[in-house]
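A.B. asks: I have a structure I would like to understand better, so I am pasting it below and will then ask my questions one at a time.
Chains as they are written, first to last, in this note's numbering: chain A, 375 to 505; chain B, 846 to 1006.
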């Protein structure tokens, strides 16, 4: 499985105990001027992965070794006025979902929030570096 | 007159074997060391310096040459630990590690201008493998090792025929 499908699978598992949240396998495309995660509140959307390859070691016989950095974002929006009581656990479970990717030399998992009107949007960024 | 460009992957090739013929560049059965990051041929004459009362600068005379080949490489499992199925080249069969620990003398060539063309230049000799110090880290992700061939005798320039 690819990184995106692995992440979706793990988030599905990690959110199984949180009945107010769900995950979609659709990409967070824009529909009617709004991204799907804004339209469908409390649903996690995982974006397409971006891959950046860099040469780690150069050898004289061109048997070069590359490092691959895969970046993938996930989003969900929820009510900013009355947040769910388990929101911190949900956020924690989404971050932990990044641990499903193995054989990495570096993993970064961050999130940030933005509030527009009465909705708060959580944007997660997972970065995995593999050789 | 032109510099020797090594970026196309066909120059600066180290080949090892238990005979001089087997270690020539392009020789059938020769052990080509892969994943070499850099290679240095050291051809250094030994010198002794001395001073005299009638000179304000020191003088020198040469002694014997001390030659070596040093390189850094990414560790390839077969190259480091041997290919037991290789019945032609005992150095390849044993691998760099066992050849070093057994202090077995090997023949080598460093193809300077590549192989396959008459007139291609290589530097040849024989010596002992040493200086192996494989190291690994999670940041580096692969095993890296320096390697040295302590040359026994003189280096020679060899032209491909």
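Glycine residues also receive a C-beta, built at the ideal position from the N, C-alpha and C atoms.
No experiment lies behind these values; they were computed from the predicted model shown.
Ignore the nearest five residues each way along the sequence and tell me which others in residue 980 of chain B's own chain have a CB closer than 8 Å to its CB.
C.D. replies: 988, 989, 990, listed in sequence order.
A.B. asks: Shortest alpha-carbon distance to residue 892 of chain B belongs to which of B/907, B/885, B/898?
C.D. replies: The residue with the shortest Cα to Cα distance from residue 892 of chain B is B/907.
A.B. asks: In the DSSP assignment, what are the bridge partners of residue 504 of chain A?
C.D. replies: A/442.
A.B. asks: Using 8 Å as the cut-off, can you tell me whether the region 379-394 of chain A makes contact with the region 459-477 of chain A, which would need three or more C-beta pairs spanning the two stretches below that distance?
C.D. replies: Yes: at least three Cβ pairs fall under 8 Å.
A.B. asks: Quick check: is the beta carbon of residue 995 of chain B nearer than 8 Å to any beta carbon in chain A?
C.D. replies: Output row for residue 995 of chain B: interface = no.
A.B. asks: Please work out which residues of its chain come closer than 7 Å, Cβ to Cβ, to residue 936 of chain B, disregarding the five sequence neighbours upstream and downstream, and give them in chain order.
C.D. replies: Cβ neighbours of residue 936 of chain B beyond the five flanking positions: 861, 862, 863, 876, 944, 951.
A.B. asks: Sort B/929, B/928, B/885, B/853 by Cα distance to residue 996 of chain B and report the nearest one.
C.D. replies: Cα-wise, what sits closest to residue 996 of chain B is B/885.
A.B. asks: I need the straight-line Cα distance from residue 902 of chain B to residue 894 of chain B, nearest angstrom please.
C.D. replies: Answer to the nearest angstrom: the Cα atoms are 10 Å apart.
A.B. asks: Which stretch, first to last residue, makes up the beta strand (DSSP E) that contains residue 420 of chain A?
C.D. replies: Residues 417-420.
A.B. asks: Is it right to say residue 916 of chain B is buried, meaning 16 or more other beta carbons lie within 10 angstroms of its own, or is it exposed?
C.D. replies: The residue is buried, with at least 16 neighbouring Cβ atoms inside 10 Å.
A.B. asks: Using beta carbons (cut-off 8 Å, strictly below), is residue 854 of chain B in contact with chain A?
C.D. replies: Answer yes: the Cβ-Cβ gap between residue 854 of chain B and chain A drops below 8 Å somewhere.
A.B. asks: What separation, rounded to the nearest whole angstrom, lies between the Cα atoms of residue 932 of chain B and residue 939 of chain B?
C.D. replies: Near 10 Å, if we compare the C-alpha coordinates of residue 939 of chain B and residue 932 of chain B.
A.B. asks: Would residue 928 of chain B pass as an interface residue toward chain A - the criterion being a Cβ-Cβ separation below 8 Å?
C.D. replies: Not closer than 8 Å to any Cβ of chain A, the Cβ of residue 928 of chain B fails to qualify, so no.
A.B. asks: My output table needs one value for residue 863 of chain B: the three-state DSSP class, helix, strand or coil.
C.D. replies: Three-state result, residue 863 of chain B: coil.
A.B. asks: Please report the residue range of the alpha helix (DSSP H) in which residue 468 of chain A lies.
C.D. replies: Start and end: 461-470.
A.B. asks: Alpha carbon to alpha carbon, what distance is there between residue 475 of chain A and residue 425 of chain A?
C.D. replies: Between residue 425 of chain A and residue 475 of chain A, the C-alpha separation is close to 15 Å.
A.B. asks: Near residue 481 of chain A, which residues of its chain fall below 8 Å by C-beta distance, leaving aside the five closest residues on each side in sequence?
C.D. replies: Counting only Cβ-Cβ distances below 8 Å, and skipping sequence neighbours, we find 472, 473, 475, 500, 501, 502, 503.
A.B. asks: Whose C-beta lies closer than 8 Å to the C-beta of residue 904 of chain B among residues of the same chain, with five residues either side of it excluded?
C.D. replies: So the qualifying residues of the chain are 894, 895, 896, 897.
A.B. asks: Check the Cβ of residue 919 of chain B against every Cβ in chain A and list those closer than 8 Å, keeping chain order.
C.D. replies: Result: 431, 433, 437, 439.
A.B. asks: Does DSSP classify residue 928 of chain B as helix, strand or coil?
C.D. replies: Three-state result, residue 928 of chain B: coil.
A.B. asks: Bridge partners for residue 971 of chain B per DSSP, in chain order?
C.D. replies: Its beta-bridge partners are B/952.
A.B. asks: Which residues does DSSP list as the beta-bridge partners of residue 883 of chain B?
C.D. replies: Paired residues: B/917.
A.B. asks: Within 8 Å (strictly less), CB to CB, does residue 973 of chain B reach chain A?
C.D. replies: Answer no: the Cβ-Cβ gap between residue 973 of chain B and chain A never drops below 8 Å.
A.B. asks: Using beta carbons (cut-off 8 Å, strictly below), is residue 882 of chain B in contact with chain A?
C.D. replies: Yes, residue 882 of chain B counts as interfacial toward chain A.
A.B. asks: With DSSP run on the structure shown, which of helix, strand or coil describes residue 379 of chain A?
C.D. replies: Looking at residue 379 of chain A - three-state DSSP - the assignment turns out to be helix.
A.B. asks: Out of curiosity, what's the CA-to-CA distance linking residue 848 of chain B and residue 858 of chain B?
C.D. replies: Taking the straight line joining both Cα atoms gives about 17 Å.
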